[in-house]
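Student: Position 47 (the sequence shown) corresponds to 47 in the UniProt record's numbering; numbering is contiguous. Here a beta-carbon is modelled for each residue, glycine too, at the ideal position from N, C-alpha and C.
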Amino acid sequence: GLAGTIELNKLDHYLLLSNIVTDARVLNLPERLDDNIFEVYADGSKIAGGVGFSVCILNKEIQQKTICYKLEPNNTVFQAELAADWAVENSTKINIFTDGKSSIDALKSHRIKSNFVNSIKNKFLLAERLVGLTWVKSHAAIPGDELADQFAKLETTNGELMNLPVPYSYLKLQSKRNLLESWNDCYTQYQSASGTRIRAYVPHVDEKILIFNKYILYFLTGYGPFPCYLSRFKILSSPYCECGAIGGPDHYVFERHYTNEFHLGRPTENAKLLWLENILSCKINRDKLISCFKISEAICDRLCSM
1 GLAGTIELNK LDHYLLLSNI VTDARVLNLP ERLDDNIFEV YADGSKIAGG
51 VGFSVCILNK EIQQKTICYK LEPNNTVFQA ELAADWAVEN STKINIFTDG
101 KSSIDALKSH RIKSNFVNSI KNKFLLAERL VGLTWVKSHA AIPGDELADQ
151 FAKLETTNGE LMNLPVPYSY LKLQSKRNLL ESWNDCYTQY QSASGTRIRA
201 YVPHVDEKIL IFNKYILYFL TGYGPFPCYL SRFKILSSPY CECGAIGGPD
251 HYVFERHYTN EFHLGRPTEN AKLLWLENIL SCKINRDKLI SCFKISEAIC
301 DRLCSM
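1) If I'm right that residue 307 touches Asn95 with Cβ under 8 Å, what's the distance once you round it to whole angstroms?
2) Any chance the region 153-161 sits against the region 68-79, with 3 or more Cβ pairs inside 8 Å?
3) Determine the DSSP secondary structure at Ser119, reduced to helix, strand or coil.
4) With a threshold of 7 Å, establish whether the CB of Cys282 neighbours any heavy atom of the ligand ATP.
5) Within 10 Å of its beta-carbon, does His257 have 16 or more other beta-carbons around it, so buried, or fewer, so exposed?
6) Check whether the region 217-234 touches the region 287-304, taking contact to mean three or more Cβ pairs, one atom from each stretch, closer than 8 Å.
7) Using three-state DSSP, classify Tyr223 as helix, strand or coil.
8) Assign Tyr261 to one of two classes, buried (16 or more other C-beta atoms within 10 Å of its C-beta) or exposed (fewer than that).
9) Which residues bound the beta strand (DSSP E) around Ile96?
10) Please state the DSSP three-state secondary structure of Asn75.
11) How about Lys288 and Leu264: are their beta carbons less than 8 Å apart?
12) Skipping 5 residues on each side, what residues in its chain have a beta carbon closer than 8 Å to that of Ile37?
13) Note down, in chain order, each residue of its chain lying with its Cβ closer than 6 Å to the Cβ of Val166, except the 5 sequence neighbours on either side.
14) Note down, in chain order, each residue of its chain lying with its Cβ closer than 6 Å to the Cβ of Thr98, except the 5 sequence neighbours on either side.
15) Smallest Cα separation from Gly132: which of Ser175, Val88 and Thr156?
16) Could you pull out every residue in the same chain whose Cβ sits closer than 6 Å to the Cβ of Ser103, ignoring the five residues on either side in sequence?
17) Taking the beta strand (DSSP E) that Val40 falls in, what are its first and last residues?
18) Return no unless some Cβ of chain C is closer than 8 Å to the Cβ of Thr22.
19) Between which two residues does the beta strand (DSSP E) containing Leu133 stretch?
20) With burial defined as no fewer than 16 other Cβ atoms inside 10 Å of the residue's Cβ, what is the status of Trp183: buried or exposed?
21) Keeping to the same chain, check which residues put their C-beta closer than 6 Å to that of Ser291; ignore five residues upstream and five downstream.
22) Which value, in whole angstroms, describes the spacing of the CA atoms of His13 and Gln191?
23) Per DSSP, which one or two residues make a beta bridge with Thr66?
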């Protein structure tokens, strides 16, 4: 299940774009103010599941104030928000430097529906003439950024917890993980000849393995133009090929003399997943597999007409 219980009132929610004032959708912050007094560095850190962030406010490279908090692992943080609040409270101009490019992109997007992000945009609108916002590369040996990074790391274990809305992206991620976990449990526990055969090539559920070719499914499941399969439904009277061997997919891909021109190398038990990945990625080998099964289909047609 989800990691703990999340109360509905702690979830972020979406707004209708039509309900957001047009002026509030667009945030045009300059990257830098020339007449600023303070420079602000914001950074976050995640260590062993702990999340911390810090905002370091400097005046001529001298530390003036540091704002630090610890967060729940499921939180999204816009550290620069606290710096904008500070600028408004003190009526002073600041330049904010952060390595959170995705946060900057979200603040500048006019299509964002998140109530949480839009509430932060409103704070920046209040500080519009007081704040410059710039992306800096992380770990680029910038003293202010390194200082913020050190404080953020400390907060992962010892910081005061700050409660923020849980983003829907977290729920979507956890739901997907739960779905894959449940799917994998069913997949690995399914006891049948076809299930055992498939798991030899695909040991567990893997969303990266996309099978788009029916002939590959024929091979993996054994459900296709094969005497041993069609005989189960009395379409053919016998599971045997014309040559007298059991007419399954392996027979036509690895053994049958009549398909010798298109044979593929038989994989060892430990190499079956790699073998399948090669078939999926290599058109030449896929075409060989297809040719084998078109021949097996023709054989089945002949057997059926006898």
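Tutor: Walking through what the data contain:
1) With the chain covering 1 to 306 only, the question about residue 307 has no answer from this structure.
2) yes
3) helix
4) Absent from the structure shown: the ligand ATP. Ligands present: none.
5) exposed
6) yes
7) coil
8) Checking the sequence shown, residue 261 turns out to be Glu, not Tyr. When all chains shown are included, Glu261 counts as exposed.
9) Ile94 to Thr98
10) coil
11) yes
12) Asn59, Thr92, Lys93 and Ile94
13) Ile6, Lys10, Leu11 and Asn74
14) Ala42 and Ala80
15) Val88
16) Phe78
17) Phe38 to Ile47
18) No chain C appears in the structure shown, which is made up of a single protein chain.
19) Val131 to Trp135
20) exposed
21) Phe262
22) 43 Å
23) Cys56
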